[in-house]
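Numbering (my numbering), first residue to last: 9 to 157. All residues carry an ideal CB built from backbone N, CA and C; glycine is no exception. Let me begin by presenting the structure, written as structure tokens, before commenting on it.
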């Protein structure tokens, strides 16, 4: 098994071919929009009702990926209200699909603009380090946080 795995990873490099492992790593590290289809696994464009929709809320366009810049407070407990700050969250709630704390989806969140989301941390969130994820029409962003007892 180890030899087969090694063979799959190293043989393309020896032959000068791009390996699937390396092309995925390059796609994830590249900020360019043309590599977004490699990360998402599809080349289909999302359905958009009109050009005006894209102008009014460009985060629905998959070239605008969300980013998380800060979470306040940086340490919190289950049940607390927190603020997630960043970019490209959307101007309308339609483009903000979900906020998760590890595997647990938040049920109470409010979009406060393209750069701010207010969230109530679900009571069932485990303590310790976990990822907070924001999923929009343009993609997903995540950052690690500490949930205290």
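Backbone secondary structure at residue i - three-state DSSP
i           : result
residue 101 : helix
residue 124 : strand
residue 114 : coil
residue 134 : coil
residue 157 : coil
residue 139 : strand
residue 147 : strand
residue 71  : coil
residue 94  : strand
residue 129 : coil
residue 86  : coil
residue 29  : At residue 29, the pLDDT of 47 sits below 50, so the modelled position is not reliable; the number obtained from the coordinates is stated separately. Note: residue 29 maps to helix in three-state DSSP.
Rounded distance between the beta-carbons of residue j and residue i, thought under 8 Å
i           : j           : result
residue 151 : residue 76  : 5 Å
residue 123 : residue 99  : Rounded, the Cβ-Cβ distance is 10 Å, inconsistent with contact.
residue 143 : residue 106 : 5 Å
residue 149 : residue 110 : Between residue 110 and residue 149 the Cβ distance is about 15 Å, and since that is not below 8 Å, they are no contact.
residue 132 : residue 112 : 6 Å
Of the residues the options, the one placed nearest residue i, counting alpha carbons only
i           : options           : result
residue 118 : 137, 132, 97, 109 : 97
residue 115 : 149, 87, 82       : 87
residue 73  : 112, 145, 111     : 145
residue 126 : 71, 112, 101, 155 : 101
residue 120 : 130, 134, 90, 140 : 90
residue 137 : 103, 71, 130, 84  : 84
residue 79  : 71, 139, 157      : 139
residue 147 : 92, 130, 104      : 104
residue 141 : 134, 157, 135, 92 : 92
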